[in-house]
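*Asks:*
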Amino acid sequence: MKFLKIIILIVSIFCVALFAWGQASSARIGLDANKALKPCPSTPNCVITNYNNELFNLDISSVQTALENIGGEIITTSDSYIHGVFTSTLFRFKDDFEVLLSSDTMQFKSASRTGKSDLGVNAKRVKRVEEMLDIQNN
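In the working numbering, the protein residues as written are 1480 to 1617.
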């Protein structure tokens, strides 16, 4: 019984630490001074893609609909920018998904808030959005 209490305590501390560590860092979300998405950190759990929107002519509402259809919660939206959040089912990890759209360029960024590896989840999410919007990375 004492061993079980110790295990429960360790798991509880781990969960609280993950929650505190998993809060969004506003320093990594949003636009930089050049009005582009902020770059990915040096960890491999972030993907950023750039497209020539002149080839696709997408509007922000179609991208927002695609994100919502695959389970994203939209946090912020404007005429040219979306910030959405995806939450994993089991451990409730949060990943940020950002979109920047103009008449000639489009950027997608998907990044985990915690850890170093995401086991390819963010790359797969970007690919899924590309497929929903019928985009081929050029």
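Every residue gets a Cβ at the ideal spot worked out from N, C-alpha and C, and that includes glycine. Note that this is a predicted model, so its numbers are computed, not measured.
If contacts are defined as beta-carbon pairs under 8 Å, then S1591 and S1559 qualify, I think. What distance do you get, rounded to the angstrom?
*Replies:* Not a contact, Cβ separation roughly 24 Å.
*Asks:* Taking Cβ positions, are L1612 and L1516 nearer each other than 7 Å?
*Replies:* no
*Asks:* Note down the Cα distance separating G1599 from N1524, rounded to an integer number of angstroms.
*Replies:* 7 Å
*Asks:* Any beta carbon of chain C sitting closer than 7 Å to that of I1527?
*Replies:* Protein chains in the displayed structure number just one, and chain C is not present.
*Asks:* Taking the CB atoms as reference points, tell me whether F1587 and T1522 lie closer together than 7 Å.
*Replies:* No. Outside cutoff.
*Asks:* Please classify A1512 as buried or exposed, where buried requires at least 16 other C-beta atoms within 10 Å of its C-beta.
*Replies:* exposed
*Asks:* Do the stretch 1564-1575 and the stretch 1535-1552 touch if we need at least three Cβ pairs shorter than 8 Å?
*Replies:* yes
*Asks:* Take the Cβ of M1480 as the centre, count every other Cβ of all protein chains shown within 10 Å, and call the residue buried at 16 or more, exposed below.
*Replies:* Exposed, by the Cβ-count rule.
*Asks:* Skipping 5 residues on each side, what residues in its chain have a beta carbon closer than 8 Å to that of T1584?
*Replies:* N1529, Y1530, N1531 and N1532
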